[in-house]
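One structure below.
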Amino acid sequence: MRIASGIISIIVALIILFQSFTASIVGNLVDESLAVAGAGGLWIAILLIFAGAFAFKLPRVAAYFSVIAALMSFPLAENSAYKDLYVWGGIALLVTIFNYIESKRK
């Protein structure tokens, strides 16, 4: 389960990175709240990259990073037009559960 959560975290983080960068650029042109949410999405992607990196050897640390990413994504999605953050927050919670279960197995 460590490998699965690590790979899922890294792949989703790369998708979020691309999408948030695009939302941030478009948000600077169109809507300020979209730009702020895009910048927040970049932070969520960075946290998920760290979660994916730590998932292979330190799943408890990975769970901390992914739960912080999830807790950041829901308020950002609520207050902006970037509603995909709900999906990314749900995936981060799923990865958190995987990492927590794996940390209890050891």
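Those letters in the sequence shown? Residues 61 to 166, by our numbering. Where a beta carbon is used, it is the ideal one built from N, C-alpha and C, also for glycine. No experiment lies behind these values; they were computed from the predicted model shown.
Using 10 angstroms around the beta-carbon of residue i, count the other beta-carbons present and answer buried if the total reaches 16, otherwise exposed.
| i | result |
| --- | --- |
| isoleucine 67 | exposed |
| proline 119 | buried |
| glutamate 138 | exposed |
| phenylalanine 158 | buried |
How long is the line joining the alpha carbons of residue i and residue j, rounded to whole angstroms?
| i | j | result |
| --- | --- | --- |
| alanine 105 | threonine 82 | 13 Å |
| arginine 62 | isoleucine 76 | 21 Å |
| tyrosine 142 | alanine 97 | 6 Å |
| valine 90 | valine 147 | 23 Å |
| leucine 102 | serine 80 | 6 Å |
| leucine 108 | asparagine 88 | 24 Å |
| glycine 100 | glycine 112 | 18 Å |
| serine 84 | serine 126 | 22 Å |
| isoleucine 70 | proline 135 | 22 Å |
Which residue comes first and which comes last in the alpha helix (DSSP H) that contains residue i?
| i | result |
| --- | --- |
| methionine 132 | 119-138 |
| phenylalanine 114 | 92-114 |
| lysine 164 | 144-165 |
| alanine 73 | 62-89 |
Under the assumption that residue i contacts residue j (Cβ atoms under 8 Å), give the Cβ distance between them as a whole number of angstroms.
| i | j | result |
| --- | --- | --- |
| alanine 129 | alanine 152 | 4 Å |
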